[in-house]
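Trainee: To convert, note that position 71 of the sequence shown is 71 in my numbering; the numbers rise steadily by one, no gaps. The C-beta atom is built at its ideal place from N, Cα and C for all residues, glycine as well.
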Amino acid sequence: MAKLSLLLLVFSLVCVSTSVTPALARRSRSRTYIEMSCRATRYPQLCVQCLSGYGNGSIRSPQQIAQAALAVSLYKATYTRAYMVKVARDLKAMKAHDYQAVKDCMDQIDNTVDQLTQSIRELRRLGQETVGDDLYWHISNVESWVGAALTDTTTCLDEFPGDRMSKAKAVLKGKVLNVAMTTSNALALFHRFAA
């Protein structure tokens, strides 16, 4: 009876380990692909950090990684916009002199969210229509919108010059900087895909 139990235990372990191994291998291949791809970005550590948990280890192509990077950037921009709305509302209620700078920055982040949304839609279309001049038109659209989103976040950062600022402005600047960095990475990964 003990031998039968031991045999069942060993059989169970073999079954479990063989079913887990392909998932781990897939995740490992995906992680390796992400790490290799992120080397081409300006912020490779941030790139790996943001994309490693994305898609259950299913990123295996330049288009998939570009889509994931754009999605991460859009998420960060949307989150930052929501935070800015709260900060702007508080500053307006306090009649703080920082309100206008935050409002101007919020307008830039609104543009960033719109441009990244358009880029994601266009990249999906690019996967469907890849014939002739349409291909280059779609690529150009994505490059233009992501580049404009990066410019807008950089312009927003200009609203917070120097190192001496309130805690709220410093947090806001950090969030906007994170959007700029993820957008820069997304643009680099898209360029890699489009090449």
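Report yes or no: do three or more beta-carbon pairs, one from the region 117-128 and one from the region 169-184, lie closer than 8 Å?
Mentor: No contact exists between the region 117-128 and the region 169-184.
Trainee: DSSP state of residue 189, grouped into three classes?
Mentor: On the sequence shown, residue 189 is found 189 positions in, with the first residue counted as 1. In the structure shown, residue 189 sits in a helix (DSSP, three-state: H, G or I).
Trainee: Kindly list the residues whose CB is nearer than 8 Å to the CB of residue 60, restricted to its own chain and excluding five residues on each side of it in sequence; keep chain order.
Mentor: Position 60 of the sequence shown holds residue 60. Excluding positions up to five away in sequence, the list reads 29, 30 and 33.
Trainee: So what does DSSP say about residue 174, is it helix, strand or coil?
Mentor: Position 174 of the sequence shown holds residue 174. It is helical.
Trainee: Would you say residue 116 and residue 70 are within 9 Å of each other, going by their C-beta atoms?
Mentor: In the sequence shown, residue 116 corresponds to position 116, counting from 1. In the sequence shown, residue 70 corresponds to position 70, counting from 1. Against a cut-off of 9 Å, the Cβ pair of residue 70 and residue 116 comes out as a contact.
Trainee: Is residue 65 closer than 9 Å to residue 179 when the C-beta atoms are compared?
Mentor: Here residue 179 is taken as the residue at index 179 of the sequence shown, counted from 1. Here residue 65 is taken as the residue at index 65 of the sequence shown, counted from 1. No; because the gap between Cβ atoms is not below 9 Å, this pair is not in contact.
Trainee: Please determine whether the Cβ atom of residue 75 lies at a distance below 8 Å from any heavy atom of the ligand COA.
Mentor: Looking for the ligand COA in the displayed structure turns up nothing, as the structure carries no ligands at all.
Trainee: If distances are taken between C-alpha atoms only, which option among 53, 67, 58 and 46 comes closest to residue 191?
Mentor: Residue numbering aside, residue 191 sits at position 191 when the sequence shown is read from its first letter. Checking every option, the nearest Cα to that of residue 191 belongs to 67.
Trainee: Here's the rule: buried if 16 or more other CB atoms are within 10 angstroms of the residue's CB, otherwise exposed. What is residue 137?
Mentor: Locating residue 137 in the sequence shown gives position 137, where the first residue counts as 1. Residue 137 comes out exposed.
Trainee: Grab the span of the alpha helix (DSSP H) containing residue 65 for me, first residue to last.
Mentor: For the purposes of this step, residue 65 is taken as residue 65 along the sequence shown, with counting starting at 1. It spans 62-94 - the alpha helix (DSSP H) in which residue 65 sits, taken as one unbroken run.
Trainee: Three-state secondary structure (DSSP) at residue 59?
Mentor: Here residue 59 refers to the residue found at position 59 when the sequence shown is read from its first residue. Three-state result, residue 59: coil.
Trainee: Taking residue 159 as the reference, which of 135, 89, 134 and 177 has the closest Cα?
Mentor: To locate residue 159, count along the sequence shown from 1; it is residue 159. Of the listed residues, the one whose Cα sits closest to residue 159 is 177.
Trainee: Could you name the residues of the same chain whose beta carbon sits closer than 7 Å to that of residue 148, not counting the 5 residues immediately before and after it, in chain order?
Mentor: As a working mapping, residue 148 is identified with position 148 in the sequence shown. The residues are 115.
Trainee: To the nearest whole angstrom, what separates the beta carbons of residue 72 and residue 54, a pair I think is in contact under 8 Å?
Mentor: Translated into positions along the sequence shown, residue 72 becomes position 72. Translated into positions along the sequence shown, residue 54 becomes position 54. Right, the Cβ-Cβ distance comes to about 7 Å (below 8 Å), so this counts as a contact.
Trainee: Starting from the C-beta of residue 4, find all residues in its chain whose C-beta is less than 6 Å away, skip the five residues before and the five after it, and write them out in chain order.
Mentor: As a first step, residue 4 must be located in the sequence shown, where it is residue number 4. Because residue 4 carries a pLDDT of 38, less than 50, the predicted location of this residue cannot be relied on, and the following value inherits that uncertainty. Same-chain partners within the cutoff: there are none.
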